[in-house]
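The numbering used here puts the first residue of the sequence shown at 32, with every later residue one more than the last. Don't be surprised by glycine CBs; every beta carbon is placed ideally from N, CA and C. For clarity, every value in this text was computed on a predicted model and none was experimentally measured. To start, the structure under review is shown below, and the notes come after it.
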Amino acid sequence: MTGDKLTLFHDHFSSVSKQYARYRPIYPDELFDWLASVVPGRNLAWDCATGTGQAATGLASRFNSVVATDASPEQIAETVPHPRISYYTASAYSSGLDDGSADLITVAQAMHWFDIDRFFREAERVLGPRGVLAVWTYGPLSVDDELINPLIREFASNTLGLWWPEEWATIDAGKGAIVIPFERIPAPEMRMSVRWTFEELLGHVRTWSAVTRYIRIKTNDPVTSLASPMLQAWGNPACRKTVTWTLLLTAGRNQG
Numbered sequence: 032m033t034g035d036k037l038t039l040f041h042d043h044f045s046s047v048s049k050q051y052a053r054y055r056p057i058y059p060d061e062l063f064d065w066l067a068s069v070v071p072g073r074n075l076a077w078d079c080a081t082g083t084g085q086a087a088t089g090l091a092s093r094f095n096s097v098v099a100t101d102a103s104p105e106q107i108a109e110t111v112p113h114p115r116i117s118y119y120t121a122s123a124y125s126s127g128l129d130d131g132s133a134d135l136i137t138v139a140q141a142m143h144w145f146d147i148d149r150f151f152r153e154a155e156r157v158l159g160p161r162g163v164l165a166v167w168t169y170g171p172l173s174v175d176d177e178l179i180n181p182l183i184r185e186f187a188s189n190t191l192g193l194w195w196p197e198e199w200a201t202i203d204a205g206k207g208a209i210v211i212p213f214e215r216i217p218a219p220e221m222r223m224s225v226r227w228t229f230e231e232l233l234g235h236v237r238t239w240s241a242v243t244r245y246i247r248i249k250t251n252d253p254v255t256s257l258a259s260p261m262l263q264a265w266g267n268p269a270c271r272k273t274v275t276w277t278l279l280l281t282a283g284r285n286q287g
């Protein structure tokens, strides 16, 4: 199954799909447990803009069926097959799903790339009665080593400052910038964390939209300027440090 027509989209990640699949963090179980607790049923979830399937995998253990779509075929190619997940290429505005068929629609770390009015029309069409739309992002990372954090902040703000796509301002603005056309459901605050080596953290940084944009236009890798001072601060590169993000979650229920 494919979407009938893919709308042009801001593609910052197709070129790093393999890295995206490897170095993007996995969302916590408590997120998916909470989502499963607020939906009217657990028959079908649509994970829109699934990327390489980080959210879809979590949903699959709680829903009978998950449809996971992305406008990038390169991203879809890097997903891991799962018997309950149907991956296919489609835009956020033309899912190919039946009217009123979804108990849950999720958008993980992607809403800022959408034409949100067009997406909301599709969400309103696809959500069933009492169905839930849940949208989340995560902001700046924090390492449990105060020698590392200033280096990453300086790199993100100064080296990459002019290279962040304008859509990123939605995440910078925080949870309040995401307004959805459904009755809001109070959502808990959550964090996610991983234990990463030096190379794994650099791999994650290389998936940032500002980095991929910088490389595409200037044809050199800005992360090399971060690597040397960060390694000096890190010490043994095989040592694992805890990397944490705060999840900004917004959810709403369809009253139709």
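Contact test: residue i Cβ vs the ligand ATP heavy atom, cutoff 7 Å
{"i": "I211", "result": "Inclusion of the ligand ATP in the displayed structure is not the case, the ligand content being empty and no account of it being possible."}
Beta-carbon separation (whole angstroms), residue i vs residue j, contact threshold 8 Å
{"i": "I216", "j": "V69", "result": "6 Å"}
{"i": "P56", "j": "F151", "result": "At roughly 27 Å, the Cβ-Cβ gap does not stay under 8 Å, so P56 and F151 are not in contact."}
{"i": "A165", "j": "L66", "result": "6 Å"}
{"i": "L135", "j": "V157", "result": "About 10 Å separates the two Cβ atoms, so there is no contact after all."}
{"i": "R73", "j": "R53", "result": "The pair is not a contact, with the Cβ atoms about 29 Å apart (cut-off 8 Å)."}
{"i": "T190", "j": "P253", "result": "5 Å"}
{"i": "I222", "j": "T273", "result": "First, the amino acid is wrong: residue 222 is Arg here, not Ile. Not really, about 11 Å apart at Cβ, beyond 8 Å."}
Boundaries of the alpha helix (DSSP H) in which residue i is found, first to last residue
{"i": "R247", "result": "S240 to K249"}
{"i": "I147", "result": "I147 to V157"}
{"i": "V225", "result": "Premise fails: V225 lies in the beta strand (DSSP E), M221 to W227, not in any alpha helix (DSSP H)."}
{"i": "R55", "result": "It is not in any alpha helix (DSSP H) - R55 carries neither H nor E in the DSSP assignment."}
{"i": "I183", "result": "N180 to E185"}
Neighbour-count burial assignment, residue i, 16 or more Cβ in a 10 Å radius
{"i": "G172", "result": "Checking the displayed sequence, the identity of residue 172 turns out to be Leu instead of Gly. That one is buried."}
{"i": "A284", "result": "One point to set straight first is that residue 284 is Arg, not Ala, in the sequence displayed. When all chains shown are included, R284 counts as buried."}
{"i": "V153", "result": "Before going further, note that residue 153 is Glu rather than Val in the sequence given. Buried is the call here."}
{"i": "G84", "result": "buried"}
{"i": "A269", "result": "exposed"}
{"i": "Q106", "result": "buried"}
Delimiting residues of the beta strand (DSSP E) encompassing residue i
{"i": "W265", "result": "Counting along the chain, W265 falls outside any beta strand (DSSP E), though it belongs to the alpha helix (DSSP H) covering T255 to W265."}
{"i": "E214", "result": "E214 to I216"}
{"i": "V210", "result": "First-last for V210: undefined, no H or E at that position."}
{"i": "W17", "result": "What the structure shows of the chain is the stretch from 32 to 287, and residue 17 is not part of that stretch, so it cannot be assessed."}
* Asked: If you scan the segment 64-118 from start to end, which runs of the beta strand (DSSP E) of 3 or more residues do you find wholly inside it?
  -> 75-79 and 96-101
* Between the segment 242-262 and the segment 84-98, are three or more C-beta pairs nearer than 8 Å? -> no
* Cβ contact check for the segment 168-183 and the segment 103-122: 3 or more pairs under 8 Å -> no
* For the segment 116-132 and the segment 245-255, state whether three or more C-beta atom pairs, one from each stretch, are separated by less than 8 Å. => no
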